[in-house]
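First up is the structure itself, then whatever we jot down about it.
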Amino acid sequence: MDSDAGGSSSAPPPPSAAIGAGAGAGAETKGDERGRKQVMVVLVGPPGSGKSTFADAVVGGSTAGRHWVRVCQDTIGNGKAGTKIQCLKAASDALKEGKSVLVDRCNLEREQRADFVKLGGTLRADVHAVSLDLPAKVCISRAVSRKGHEGNLQGGKAALVVNRMLQKKETPLLTEGFSRIMCCNDDGDIKKAVDLYNGLGPSDSLPSGVFGQKSKRPVQVGIMKFLKKTDASVVETSSGPKQALTEIKPAQQNPLPKQENVEAGFACSMEVEKGLNDKMENEEHAKGSDYCDVGSRTLAFPSISTADFQFDLDRASDIIVDTAANFLQKFDNIRLVLVDLSEKSRILSLVKQKAAKKSIDSNRFFTYVGDITQLHTKGGLQCSVIGNAANWRLKPGGGGVNTAIYSAAGESLQHATKKCADALRPGTSVVVPLPSTSPLHQREGVTHVIHVLGPNMNPMRPDCLKNDYTRGSKILREAYTSLFENFASIVQSYMGKQNNESGAEKSASGRISPNDTKMKREDNHESERMKKHKLFQPIMTAKRQHECTKAKRHVLVIARMDGLDSLADVKKEHLPLLRRMHSAGVKWAHKFLEEDAALEFRLGYHSVPSMRQLHLHIISQDFNSASLKNKKHWNSFTTSFFRDSVDVIEEIEQNGSTTTSSDEKVLAMELRCHRCRSAHPNIPKLKSHIAICKSPFPSHLLQKNRLLLSSTMHMDRT
Numbered sequence: 001m002d003s004d005a006g007g008s009s010s011a012p013p014p015p016s017a018a019i020g021a022g023a024g025a026g027a028e029t030k031g032d033e034r035g036r037k038q039v040m041v042v043l044v045g046p047p048g049s050g051k052s053t054f055a056d057a058v059v060g061g062s063t064a065g066r067h068w069v070r071v072c073q074d075t076i077g078n079g080k081a082g083t084k085i086q087c088l089k090a091a092s093d094a095l096k097e098g099k100s101v102l103v104d105r106c107n108l109e110r111e112q113r114a115d116f117v118k119l120g121g122t123l124r125a126d127v128h129a130v131s132l133d134l135p136a137k138v139c140i141s142r143a144v145s146r147k148g149h150e151g152n153l154q155g156g157k158a159a160l161v162v163n164r165m166l167q168k169k170e171t172p173l174l175t176e177g178f179s180r181i182m183c184c185n186d187d188g189d190i191k192k193a194v195d196l197y198n199g200l201g202p203s204d205s206l207p208s209g210v211f212g213q214k215s216k217r218p219v220q221v222g223i224m225k226f227l228k229k230t231d232a233s234v235v236e237t238s239s240g241p242k243q244a245l246t247e248i249k250p251a252q253q254n255p256l257p258k259q260e261n262v263e264a265g266f267a268c269s270m271e272v273e274k275g276l277n278d279k280m281e282n283e284e285h286a287k288g289s290d291y292c293d294v295g296s297r298t299l300a301f302p303s304i305s306t307a308d309f310q311f312d313l314d315r316a317s318d319i320i321v322d323t324a325a326n327f328l329q330k331f332d333n334i335r336l337v338l339v340d341l342s343e344k345s346r347i348l349s350l351v352k353q354k355a356a357k358k359s360i361d362s363n364r365f366f367t368y369v370g371d372i373t374q375l376h377t378k379g380g381l382q383c384s385v386i387g388n389a390a391n392w393r394l395k396p397g398g399g400g401v402n403t404a405i406y407s408a409a410g411e412s413l414q415h416a417t418k419k420c421a422d423a424l425r426p427g428t429s430v431v432v433p434l435p436s437t438s439p440l441h442q443r444e445g446v447t448h449v450i451h452v453l454g455p456n457m458n459p460m461r462p463d464c465l466k467n468d469y470t471r472g473s474k475i476l477r478e479a480y481t482s483l484f485e486n487f488a489s490i491v492q493s494y495m496g497k498q499n500n501e502s503g504a505e506k507s508a509s510g511r512i513s514p515n516d517t518k519m520k521r522e523d524n525h526e527s528e529r530m531k532k533h534k535l536f537q538p539i540m541t542a543k544r545q546h547e548c549t550k551a552k553r554h555v556l557v558i559a560r561m562d563g564l565d566s567l568a569d570v571k572k573e574h575l576p577l578l579r580r581m582h583s584a585g586v587k588w589a590h591k592f593l594e595e596d597a598a599l600e601f602r603l604g605y606h607s608v609p610s611m612r613q614l615h616l617h618i619i620s621q622d623f624n625s626a627s628l629k630n631k632k633h634w635n636s637f638t639t640s641f642f643r644d645s646v647d648v649i650e651e652i653e654q655n656g657s658t659t660t661s662s663d664e665k666v667l668a669m670e671l672r673c674h675r676c677r678s679a680h681p682n683i684p685k686l687k688s689h690i691a692i693c694k695s696p697f698p699s700h701l702l703q704k705n706r707l708l709l710s711s712t713m714h715m716d717r718t
């Protein structure tokens, strides 16, 4: 890794000239707006932490020409409290218009932030988190004392709500997809953050990383103790020494001690449960996490050959960006992180600029300042696979990243490397599984090290190419290609293991290794057939599988077309695509029916999808899945919220667009059997009934092939 300079400043680095990437697919750009990068700032904090004040200060105080829009859930419903879906739509509209967005809602849990992070990535905006980490007593005092709050959360009930919400707080992490996280621990920090965004020009960007994270705080006083000590009529402000925001890596804070939940009727946030059943289901659902799974699809790697081997930085940065861009176009669900110790590293700066000019998704390829052997413990960045700029003997020593990785991994890495290879030639790499006894494995979660050797331009080192950059560039390109492809093979192996463990059948997009020739032969025909859309079961990560699979057989057909996020975006010109998606869905249903003739299938779309890319559900009607846990899950597939594919196609043929039910009340309807329509008090009892219910399906499902059965499929084939 380059080490031209080091250290970190005592305040947030100033905005740097951004490298132009547009606002994303569908974004309107005109005149001098071309090349601008929009920013979405997700505010994180309980009621009373100052989110609205922060947002208003940025919107009203911007002096650098960047247009900011505040999206507030308390007022988004025509001045009244609205929904998360409304916030997502407003944020999407603003980003597409070339504006930057401040998301003003509590966002205390990872799940609440995930859709906004995904939206920013889809529209190629920089997604930042600003966490307002003021003491609980300050937030409670402010919330209790305020008058005329937009969401009507004030007075005595506010104290209960704040305390309750803080119990569920999850500290924002880079692994969620944020490119930058700023933690504000007092009013001085908040002012500095406001000033920073006020001075952010249309073509400026802010450095990636985590800033202002403090160590774990002591457990704060319970709510009743606090209320006894505090005069509720006085609004407190945070006190204590003001700490400058520095680039400190995050450490996950422990949540406050759990207390008995108290029902409170208010319209402040969707983040408070509406009933005991939903609470229990949500807690069970929250046990699953994709944190480790994200790490298994992330490769952190140093710049190859640019330090000790003295390869030209400008040429090297071109090769890194080109190779990464080509690789990411081939494979989904993979993330690449270029790491260097120095904040002033020129190779990081060059790569960041060139990646932005190529409009590479900054959530899938980005640069990171830090120690590659301490990404998790010091930076909160989970990477199961790291690359090593090795020497040809595959031995420790030589300084730089090679020495650092061997030292951090201990002798177990040396022994494991010997089992895999004795030497390495330039332009190649070798994968070494890291034993679980390695300190690097135990502390950082690193499961594999990929040793890679690049070309040498240093006459003091072996095999010097004597400035032959034609040959050197070819070798360096081969080195990065080998590194990335070996990483892909690790991910493919991991995904295969996950599929086997879950019993899920592998789909066309599950095969990602370019090195597996057998897999290539099997995929050739399928990949040609599926160029326009992609077919896969929701097994991208453990969490996605957990969330998406709501029946014994459940797959998605995804449209690979920019700007086509939901049925609301579909027009008459998209009919050929919808028909191809429907045809692919029918083939999946037929495949599953050949395996189990007792299944029945529906093909359809959600009126308001949970994933921001148009996708068709092929779902068996047994709904036999541990992941189907609540009313929202059930009603999204058994009410008018679910639009049958044949009806969508017919309606667009006749009217040029389709109607959708965006009323969330539909998702909160009572639980009713999709066959006999009998009502049931909870999901377990509903599932018990479904398992034995032999009533026929409603008559409308038996028309127009809305319901696909083994008998009807056989007749169609005949």
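In full-length UniProt numbering, the protein residues as written are 1 to 718. Just so it is clear, CB atoms sit at the ideal spot from N, CA and C, and this is done for glycine as well.
Residue pairing by DSSP places G454 opposite no residue, since no beta bridge is assigned to it. Counting along the chain, the unbroken beta strand (DSSP E) around C183 starts and ends at 180-184. The beta-carbon separation of S203 and R180, rounded to 17 angstroms, does not stay under the 8 angstroms limit for a contact. Three or more Cβ pairs closer than 8 angstroms define a contact, and the stretch 44-52 falls short of that threshold against the stretch 368-379. Shown here, T306 sits in coil according to DSSP, grouped into three states, outside any helix or strand.
Non-local C-beta neighbours of F637 in its own chain, meaning closer than 7 angstroms and more than five positions away in sequence, comprise K550, I619, ordered along the chain. For Y368, the pairing in a beta bridge is given by DSSP as V339. In this structure, the CA atom of C184 is about 14 angstroms from the CA atom of L108. Secondary structure at M40: strand, using DSSP grouped into helix, strand and coil. With a cutoff of 8 angstroms on beta-carbon distance, R66 and L196 are scored as not near each other. The residue among L95, W588, Q112, N198 with its C-alpha nearest the C-alpha of V44 is Q112.
Proximity to S657 across E573, I320, K685 peaks at E573, based on C-alpha coordinates. Fewer than three beta-carbon pairs drawn from the stretch 53-68 and the stretch 139-147 are found closer than 8 angstroms, and the two stretches are therefore not classed as touching. For the pair of segments examined, the stretch 350-366 was found not to touch the stretch 406-425: the number of CB pairs separated by less than 8 angstroms stays below three.
In summary, D422 is exposed, with fewer than 16 beta-carbon neighbours lying within 10 Å of its beta-carbon over all protein chains present. When DSSP states are grouped into helix, strand and coil, R677 belongs to the coil group. With contacts defined by Cβ atoms closer than 8 angstroms, C676 and L686 do not form a contacting pair. The continuous beta strand (DSSP E) containing G387 extends over residues 385-389. Assigned with DSSP and collapsed to three states, F623 falls in coil, not helix or strand. Here A193 is buried, its C-beta having at least 16 other C-beta atoms within 10 Å. At the C-beta level, V385 and V351 stay beyond 8 angstroms of one another.
Here DSSP, grouped into helix, strand and coil, assigns C106 to coil. One thing to note: I347 has its Cβ within 8 angstroms of the Cβ of D340. Linking L174 to V210 through their CA atoms gives a straight-line distance of about 8 angstroms.
Contact check between the stretch 304-315 and the stretch 472-484: three or more CB pairs, one atom from each, fall below 8 angstroms, which counts as touching. Its chain contains T549, K550, A551, K552, H554 as the residues whose beta carbon lies nearer than 8 angstroms to that of S625, once the 5 sequence neighbours on both sides are disregarded; these appear in chain order. With respect to D361, R643 sits apart: the two C-beta atoms are not nearer than 8 angstroms.
For the pair L336 and N363, the Cα-to-Cα distance works out to about 9 angstroms. Judged by their CB atoms, L413 and L434 are nearer to each other than the 8 angstroms cut-off. Taken in chain order, the complete beta strand (DSSP E) segments of 3 or more residues contained in the stretch 117-145 are 126-132. Residue pairing of S429 in beta bridges, as defined by DSSP: V452. For L603, the enclosing beta strand (DSSP E) starts and ends at 601-606.
A distance below 6 angstroms between beta-carbons, with the five flanking residues on each side excluded, links A324 to the following residues of its chain, in chain order: L336, F365. A Cβ-Cβ separation of about 5 angstroms places N391 in contact with G398 under the 8 angstroms criterion. Between N705 and V666, the C-beta spacing is not below 8 angstroms.
When the beta-carbon positions are compared, G563 and L483 stay at least 8 angstroms from each other.
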